[in-house]
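Presented below is the structure to which this report refers.
Residue numbers (my numbering): 1033 to 1238.
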């Protein structure tokens, strides 16, 4: 009788131990699925080398570091900032590429206001002015090519996703583009104002 009881206890302990390991692995998998499966972002990389060209008072061409800062690990995605190291004669406001909310199948750019950051960190509510800059479905421009207004669209080119935005309402309108490549992340970035004022272009070096 004692042997049977001992054997029963051992079996119960084995079952409980196996279940605990299964639950632990399952929860870990679920927590990481969205970031592991989005192969258009940088994964666990925290810094990449870039070739930069900046047009200010002078033309600046040099190799620079782009930092991938993780700001929050949330239930449905991770929040990042992409920011360059300080560069002499490049305004500080041109060093940040923005804040990005990375989910399993989409990358959103978040307008970097204190309210937006607080909203997404505390309630995980996506700000209404957020824009998709990478996904597997093309985004069509709702405006005609020469129509005045804020244009934005995304095209699929093989394993690349190219997002473009520009404002042609004024001659000094802002433009911006991101090119993401599968298994790499961001490979090219451009932004600036009309007549190339304060324009910056980054080519990520792999």
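Cβ coordinates follow ideal geometry from the N, Cα and C atoms, glycine included.
Keep in mind that this is a model prediction, so the values were computed, not measured.
Residue range of the alpha helix (DSSP H) that residue i falls in?
| i | result |
| --- | --- |
| residue 1111 | Careful: residue 1111 lies outside any alpha helix (DSSP H), inside the beta strand (DSSP E) at 1110-1116. |
| residue 1249 | For residue 1249 there is no data in the structure shown, the boundaries of the chain being 1033 and 1238. |
Here's the rule I'm using: 16 or more other beta-carbon atoms within 10 Å means buried, otherwise exposed. How should residue i be labelled?
| i | result |
| --- | --- |
| residue 1208 | buried |
| residue 1130 | buried |
| residue 1109 | buried |
| residue 1187 | exposed |
| residue 997 | This structure gives no information on residue 997, because the portion of the chain shown stretches from 1033 to 1238. |
| residue 1195 | buried |
| residue 1134 | buried |
| residue 1148 | buried |
Can you name, in chain order, every residue of its own chain whose Cβ lies under 7 Å from the Cβ of residue i, other than the five neighbours on each side?
| i | result |
| --- | --- |
| residue 1161 | 1143 |
Between residue i and the rest of its own chain, which residues show a CB-CB distance below 8 Å, the 5 nearest in sequence each way excluded?
| i | result |
| --- | --- |
| residue 1077 | 1100 and 1217 |
Considering only the beta carbon of each residue, do residue i and residue j sit closer than 8 Å?
| i | j | result |
| --- | --- | --- |
| residue 1073 | residue 1152 | no |
| residue 1228 | residue 1114 | no |
| residue 1163 | residue 1141 | yes |
| residue 1201 | residue 1176 | no |
| residue 1126 | residue 1232 | yes |
| residue 1192 | residue 1179 | no |
| residue 1121 | residue 1092 | yes |
If I follow the unbroken beta strand (DSSP E) through residue i, where does it start and stop?
| i | result |
| --- | --- |
| residue 1218 | 1217-1224 |
| residue 1211 | 1207-1213 |
| residue 1121 | Neither: residue 1121 is in no beta strand (DSSP E) and is coded neither H nor E. |
| residue 1085 | 1079-1087 |
| residue 1202 | Looking at the DSSP string, residue 1202 is not in any beta strand (DSSP E), and its letter there is neither H nor E. |
| residue 1128 | 1128-1134 |
| residue 1180 | Note, residue 1180: premise wrong, no beta strand (DSSP E); not H, not E. |
| residue 1227 | Element bounds for residue 1227: n/a, residue is neither H nor E. |
With a CB to CB cut of under 6 Å and the five nearest residues on each side skipped, what residues in its chain are close to residue i?
| i | result |
| --- | --- |
| residue 1206 | 1199 and 1225 |
| residue 1184 | 1197 |
| residue 1234 | 1082, 1084 and 1221 |
Could you tell me how far apart the beta carbons of residue i and residue j are, in whole angstroms, since I believe they sit closer than 8 Å?
| i | j | result |
| --- | --- | --- |
| residue 1137 | residue 1070 | 7 Å |
| residue 1097 | residue 1116 | 7 Å |
| residue 1146 | residue 1107 | Actually they do not touch by this definition, with Cβ atoms about 22 Å apart. |
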